[in-house]
Amino acid sequence: MFAFKSLQRRLTVLLVVPVTLLLLVTGVFGYHFIQGILLKEWREIAILRLERAAHQTDMRLREQKQWMEAFARAGRDPGGPEIQGWLLEQIKSQPGVSKVNLTWDRAAKTGGGGPLRERSAGMSPINYFYPPDKKTVGLRGELLDQAGRPLGRLEVLVSYDYLIKDILEEGWMQAQMACLVSDAGEYLAHSNPAMKSRLCLGETHNPLELAMLKALKEKPYATLLGQGYTPAHVIGYYKLHAAPWAIMLHAQGSQILAPILRFRFYYLAGGLLCLAVILVLIRLSVRPVVLAIHEIAARADLVAHGQYGEPLPVASRDEIGRLTASFNDMVAGLKERDFISNTFGRYVDQEIARELLSRPEAMRLGGEKREVAILFADIRGFTPLAESLSPEATIHLVNRHFGRMIGVIQAHRGIIVDFLGDAILAFFDPLDGPLGPVVHRALKCALEMQTGMAAENLAEPRYPELHMGIGLHVGEVVVGNIGSESRAKYGIIGSPVNLTHRIQGQAQADEVVISEALYRQAPEPPAVLKSFEARLKGIAQPTLLYVLETEGSRES
Numbered sequence: 001m002f003a004f005k006s007l008q009r010r011l012t013v014l015l016v017v018p019v020t021l022l023l024l025v026t027g028v029f030g031y032h033f034i035q036g037i038l039l040k041e042w043r044e045i046a047i048l049r050l051e052r053a054a055h056q057t058d059m060r061l062r063e064q065k066q067w068m069e070a071f072a073r074a075g076r077d078p079g080g081p082e083i084q085g086w087l088l089e090q091i092k093s094q095p096g097v098s099k100v101n102l103t104w105d106r107a108a109k110t111g112g113g114g115p116l117r118e119r120s121a122g123m124s125p126i127n128y129f130y131p132p133d134k135k136t137v138g139l140r141g142e143l144l145d146q147a148g149r150p151l152g153r154l155e156v157l158v159s160y161d162y163l164i165k166d167i168l169e170e171g172w173m174q175a176q177m178a179c180l181v182s183d184a185g186e187y188l189a190h191s192n193p194a195m196k197s198r199l200c201l202g203e204t205h206n207p208l209e210l211a212m213l214k215a216l217k218e219k220p221y222a223t224l225l226g227q228g229y230t231p232a233h234v235i236g237y238y239k240l241h242a243a244p245w246a247i248m249l250h251a252q253g254s255q256i257l258a259p260i261l262r263f264r265f266y267y268l269a270g271g272l273l274c275l276a277v278i279l280v281l282i283r284l285s286v287r288p289v290v291l292a293i294h295e296i297a298a299r300a301d302l303v304a305h306g307q308y309g310e311p312l313p314v315a316s317r318d319e320i321g322r323l324t325a326s327f328n329d330m331v332a333g334l335k336e337r338d339f340i341s342n343t344f345g346r347y348v349d350q351e352i353a354r355e356l357l358s359r360p361e362a363m364r365l366g367g368e369k370r371e372v373a374i375l376f377a378d379i380r381g382f383t384p385l386a387e388s389l390s391p392e393a394t395i396h397l398v399n400r401h402f403g404r405m406i407g408v409i410q411a412h413r414g415i416i417v418d419f420l421g422d423a424i425l426a427f428f429d430p431l432d433g434p435l436g437p438v439v440h441r442a443l444k445c446a447l448e449m450q451t452g453m454a455a456e457n458l459a460e461p462r463y464p465e466l467h468m469g470i471g472l473h474v475g476e477v478v479v480g481n482i483g484s485e486s487r488a489k490y491g492i493i494g495s496p497v498n499l500t501h502r503i504q505g506q507a508q509a510d511e512v513v514i515s516e517a518l519y520r521q522a523p524e525p526p527a528v529l530k531s532f533e534a535r536l537k538g539i540a541q542p543t544l545l546y547v548l549e550t551e552g553s554r555e556s
């Protein structure tokens, strides 16, 4: 790796050079892509023209066949000989017909006019033959009597030039060669005199001709390109329906691909011009981008050390401006998150934390007095249980338990104050609202915690079952930031907190025990399993407590 002394130089090298290479590579691949498109269009046009030429050739062949078959059928008419004579003259006068041969068998000639009426009741399928002159194509049909016995034959020689004259008139094939080849690859006729000595495709081991010979056996039509980046030769063919032939066209690749070659030159010139313009624009744009990134990087170093500072000025509305604005938003979010984490800890819902931050007491040490619902939960028999497990299993068990309980408390908008060993202290703050809804949430939260504990035990049967006792109480406490300027924590203090802890101590495994004060504050009386009086430490008189019905108590 190269060592760069400045960010501007790094951007110049690592941005300009890759962009330059990218433009060059894109130009090369772009040319290949465009070349492929143009070649595809040319092939489609070539196939359409070959199809049209093949269709016209088929029509000319079928027309000659129809005249020959009409001649054969005319023998069944009363004036058959006269009609056949007229038809014979018509066949000779057809365009492209160079010669007509009518031959009768010797047996058919006897009998004067009588047998002539029966000679040509029909004709066998017409076959093709190829005279040695390579200028005509022959059509031969056997004349049959009514019993299907041969009486003679009719041969019609059609000029090759007439059959393929439409091919030679196509503009894209001017000055090129057109051929008729059989399905086996034999040359039947061609327009280039230099090809007279050629007999079949592939006899010179030309790769392009060998490829066409293979394609003839597999496809009804195709266009094939010769070797080379710009193919020296191009071949296209289309099979006829009326005869076992194919029309083949042979062209110079430079003529066919001339538009592509011109496009290559224009594309190269345009690409170089575009590259020069882009290089100039990149050069002009690098310096302000480098300065903006340098400023953001310097501020990021300060943020990494906890120095947030003032927001960076957003000097533009482009991508750099949006990057600066996003950086400012990120720093503001980190600043708020750090404050929330330092003030409320990790286990306060973000929505509740923001609501608390909007209050004046959340931003200073101390707090204010107000009534809240307090929840204290503790795992029963955890100490002997922990002694029987390995340290890893103990930590896993506690983390799994706290993970599920934290989710339940947060779902009911509870604020977790602390984790005391295997116990959880949380409270539900009404803020400026009534206490009743908060008490209702605290009751639902405690019951769902017990339900969650049962599900937790079922989820991992390989571990010992955990059982929890929960105590709930309401009372006036001090709510706010407790600690010092260097370290403070959002929580509650007051005698109701201690009383809640003692109420929790009265709960048996899987029980939820609530105070009479909380019971009276509930909007709807909760379902109570039983009530009892208990003497709690610090309280002279017995305290009335209620044990709530849980899913486990109803099942038992």
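Read in order, the letters of the sequence shown are residues 1 to 556 in this note's numbering. No residue lacks a Cβ here, since even glycine has one placed at the ideal position from N, Cα and C. Just so we're clear, the structure is a prediction, and the values are computed from it rather than from any experiment.
- Under DSSP, Met177 takes part in a beta bridge, and its partners are His250.
- Assigned with DSSP and collapsed to three states, Tyr162 falls in helix.
- Between Ile247 and Thr57, the beta carbon gap of about 7 angstroms places them in contact (Cβ cut-off 8 angstroms).
- Within the stretch 451-492, the runs of beta strand (DSSP E) at least 3 residues long that lie entirely inside it are, in chain order, 468-483.
- Counting along the chain, Val234 sits inside the beta strand (DSSP E) bounded by residues 233-239.
- Rounded to whole angstroms, the gap between the alpha carbons of Ala243 and Leu163 is 12 angstroms.
- If you draw a straight line from the Cα of Val474 to the Cα of Glu295, it is about 53 angstroms long.
- Comparing alpha-carbon positions, the option among Ser254, Trp245, Leu548 lying closest to His233 turns out to be Ser254.
- By the criterion of a C-beta distance shorter than 7 angstroms, Gln508 is surrounded in its chain by Gly469, once the five residues flanking it on both sides are discounted.
- Within the model, the alpha-carbon separation for Glu551 versus Val398 is close to 23 angstroms.
- According to DSSP, Cys200 shares a beta bridge with Glu186.
- Ile379 is a Cβ neighbour of Ala423, given a cutoff of 9 angstroms.
- In the three-state reduction of the DSSP assignment, Ser316 falls in the coil class.
- Excluding five sequence positions before and after Tyr237, the CB atoms of its chain that fall closer than 6 angstroms to its own CB belong to Ala246, Met248, given in chain order.
- Membership of Leu102 in the beta strand (DSSP E) is indicated by the continuous run 97-104.
- Residues of the same chain with a CB within less than 6 angstroms of the CB of Thr394, apart from the 5 flanking positions on each side, are Ala386 in chain order.
- Just measuring C-alpha positions, the residue of Ala411, Ala300, Ile493 sitting nearest Ala442 is Ala411.
- No Cβ-Cβ contact shorter than 9 angstroms links Thr500 with Gly538.
- 9 angstroms or more divides the Cβ of Val158 from the Cβ of Val181.
- If you draw a straight line from the Cα of Ala46 to the Cα of Thr204, it comes to about 26 angstroms.
- The C-beta distance from Cys200 to Tyr187 rounds to 6 angstroms, short enough to meet the 8 angstroms contact threshold.
- The beta carbon of His440 sits closer than 8 angstroms to those of Ala522, Pro523, Glu524, all from its chain and outside the five residues before and after it, given in chain order.
- Beta-carbon to beta-carbon, Val438 and Ala377 are separated by about 17 angstroms, too far to satisfy the 8 angstroms threshold.
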